[in-house]
Amino acid sequence: MDTQTHLLPSLEDIPPSSFKFYTEHKHQISLLINDFVLRYLNSLYAEFKGDLILAIILGELAHQNISRIMRKGQIHPALDTSQLTIESLRGVLVPCNPFSISEATGIPRETVRRKFADLLKHGWIERVSPRGYLITPLVGERFMFGFNIQLFEGVRLLCEQLQKIVLDGESVP
Numbered sequence: 187m188d189t190q191t192h193l194l195p196s197l198e199d200i201p202p203s204s205f206k207f208y209t210e211h212k213h214q215i216s217l218l219i220n221d222f223v224l225r226y227l228n229s230l231y232a233e234f235k236g237d238l239i240l241a242i243i244l245g246e247l248a249h250q251n252i253s254r255i256m257r258k259g260q261i262h263p264a265l266d267t268s269q270l271t272i273e274s275l276r277g278v279l280v281p282c283n284p285f286s287i288s289e290a291t292g293i294p295r296e297t298v299r300r301k302f303a304d305l306l307k308h309g310w311i312e313r314v315s316p317r318g319y320l321i322t323p324l325v326g327e328r329f330m331f332g333f334n335i336q337l338f339e340g341v342r343l344l345c346e347q348l349q350k351i352v353l354d355g356e357s358v359p
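Everything in the sequence shown is counted per our numbering, starting at 187 for the first residue and increasing by one.
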């Protein structure tokens, strides 16, 4: 059974109106998306010193750790987001293991185990039980305020450019 999670919807789930709109603007939309994705991948490549598999594994591990506090893509309303830190969430983070990461990503389990060892060396994860790992505060310190703010700005600009096409039919330089 395929337990991989995917960000993108299947082609069957895309409404006909999106197909029509995309077809009318496919060149411009493709260029904008390609530019964003390429810059993002290059940023990840630089941040993880060429190890994109490590980036995927750390991202999935962090995602699984915080799964309990997320509801439909939003932070659970009972949590005070103004004071949200990895330290303050220790009691609600969900530990995961190489098997769950392998299942979620499709990356072979042995590769995931080796990458967990790298993440432990970096101090980005810690073992909290014989089979459970959590991200450490170093992950937030390293990525939340530097890397993620740059990613946010890139996504914001992409959305702004796509919105001009969608709402106004404008060409974007």
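The beta-carbon is built from N, C-alpha and C at its ideal position, and this holds for glycine as well.
The alpha helix (DSSP H) spanning residue i covers which residue range?
| i | result |
| --- | --- |
| I287 | 284-291 |
| E327 | Run containing E327: none; DSSP gives neither H nor E here. |
| R225 | 202-233 |
| G340 | 334-349 |
| I239 | 238-251 |
Taking just the CA atoms, how far does residue j sit from residue i?
| i | j | result |
| --- | --- | --- |
| V223 | P281 | 30 Å |
| M187 | D354 | Note on M187: pLDDT 32, under 50, position unreliable in the model; no value is reported. |
| S216 | A303 | 38 Å |
| N251 | V278 | 8 Å |
| L218 | R225 | 11 Å |
| L247 | I287 | 7 Å |
| R328 | E346 | 27 Å |
| L348 | G340 | 12 Å |
| E198 | Y319 | 36 Å |
| A241 | V352 | 32 Å |
| G236 | R342 | 26 Å |
| P202 | P323 | 44 Å |
| R299 | Q336 | 30 Å |
| I243 | V314 | 18 Å |
| K212 | N220 | 12 Å |
| E312 | T291 | 20 Å |
| L227 | K301 | 19 Å |
| Q190 | Y231 | Because Q190 sits at a pLDDT of 45, beneath the cut-off of 50, its placement in the model cannot be relied upon, and the following sentence gives the value as read from the coordinates. If you take the alpha carbons of Q190 and Y231, they lie about 23 Å apart. |
Please report the Cβ distance between residue i and residue j, rounded to the nearest whole angstrom; I am assuming they are in contact, meaning their Cβ atoms lie under 8 Å.
| i | j | result |
| --- | --- | --- |
| I293 | W310 | About 17 Å; that fails the 8 Å criterion. |
| N283 | R254 | In fact, because the Cβ distance is near 16 Å, the residues do not count as touching under 8 Å. |
Go to residue i, then tell me how far its beta strand (DSSP E) extends in each direction, as first and last residue.
| i | result |
| --- | --- |
| R313 | 311-315 |
May I ask you to list the residues that DSSP assigns as paired with residue i?
| i | result |
| --- | --- |
| L320 | E312 |
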